[in-house]
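Residue numbers (my numbering): 429 to 687.
Cβ coordinates follow ideal geometry from the N, Cα and C atoms, glycine included.
Remember, it's a predicted structure, so these values are computed and weren't measured experimentally.
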Ligand code: ATP
């Protein structure tokens with residue numbers, strides 16, 4: 429379970445997160461959406477213990493992220509938007525390295541590593557240096573690492589970047605299965621159809637504040653748009669519905685320029 433209560437984060441004068449409260453239950457995939465600069469990454473960094481809050485309370489799996497961060501981190505995995513991996517290692521060396529850091533049982537973790545490398549179609553490359561891998565392949569290695577530790581909490585930032593459609597489908601299946609097994613998942617992405625497919629509840633953050641939360645049908649009701657897809661609803665809540673007007677304005681401006 430993830431519990432966030434009255435969370436604030438300032439960077440100097442910038443109020444990146446303001447009065448954010450949310451609860452994500454075990455077995456739930458929660459879609460965390462917001463325009464650029466809304467405060468998603470800042471929130472994710474706080475949830476994963478990479479950044480301290482200015483104020484407020486955050487508990488991950490029951491552990492306070494400030495005072496019990498060691499325990500919170502032990503049960504949390506992050507899949508970041510960019511695959512940070514040690515390029516001079518092979519996938520199997522990277523996974524062994526993680527297994528050592530997390531003090532996992534060597535035999536069990538070896539089996540789990542092979543299972544995920546197989547699942548992600550990386551067995552052929554398990555002994556090749558990661559530096560030669562494509563972005564999507566590196567992302568799959570990172571995902572295997574995140575799942576190797578068998579976390580209770582999974583935080584995912586833009587999971588599908590660089591993945592081919594087949595891999596994206598596989599990853600969605602894996603997230604769904606893990607949620608069914610009781611994993612708590614926060615999924616942050618700009619790819620809204622993934623959120624429509626996977627997330628029972630969605631939170632929309634703008635300028636650091638949670639401005640809407642609920643199932644897609646609850647958000648539709650609030651937006652008074654009973655047939656809208658998530659993209660339309662998102663644009664309504666985030667005040668981006670005047671894009672067409674902006675484009676028309678720009679077109680008029682440029683057509684008035686005499687060449
Ligand atoms: P995006 O979708 O573009 O990744 P985001 O929702 O993840 O955006 P954040 O990266 O959390 O947004 O940024 C929230 C606000 O905090 C922005 O105004 C950003 O400029 C600011 N910010 C983020 N990191 C820092 C930092 N290290 N120092 C100063 N300001 C920062």
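Inset, instruction - Could you check which residue in 490, 629, 568 and 652 has the C-alpha nearest to that of residue 456? - result: 629
Legend entry - Continuous alpha helix (DSSP H) stretch holding residue 470: start and end: From DSSP, the alpha helix (DSSP H) with residue 470 extends over 468-475.
Legend entry - Opening and closing residue of the alpha helix (DSSP H) in which residue 648 lies: 644-651
Legend entry - Cutoff 6 Å; reference residue 567; Cβ partners in own chain excluding five residues on either side: 511 and 590.
Inset, instruction - Verify the contact flag: residue 465, CB atom, against every heavy atom of the ligand ATP, threshold strictly below 7 Å. - result: yes
Inset, instruction - State the CB to CB distance for the pair residue 580 and residue 612, rounded to an integer number of angstroms; the pair is presumed to be in contact (CB under 8 Å). - result: 7 Å
Inset, instruction - Report whether the distance from the Cβ of residue 468 to the nearest heavy atom of the ligand ATP is below 7 Å. - result: yes
Inset, instruction - Pick helix, strand or coil for residue 459, following the three-state DSSP scheme. - result: Residue state, collapsed to three classes: strand.
Inset, instruction - Using DSSP bridges, identify the partner residues of residue 439. - result: 442
Legend entry - Alpha-carbon to alpha-carbon, residue 631 and residue 460: 5 Å
Legend entry - Exposure label - residue 439; buried when at least 16 CB within 10 Å: The residue in question, residue 439, is exposed, as its Cβ has fewer than 16 Cβ neighbours within 10 Å.
Inset, instruction - Just grab the DSSP bridge partners of residue 487 for me. - result: The partner list for residue 487 (beta bridge, DSSP) reads 431 and 492.
Inset, instruction - Check whether the region 543-561 touches the region 505-519, counting contact only when three or more Cβ pairs, one atom from each stretch, lie closer than 8 Å. - result: yes
Legend entry - Nearest-angstrom Cα separation, counted from residue 441 out to residue 525: 40 Å
Inset, instruction - Buried or exposed for residue 594, please, with buried defined as at least 16 other CB atoms from any protein chain shown within 10 angstroms of its CB. - result: exposed
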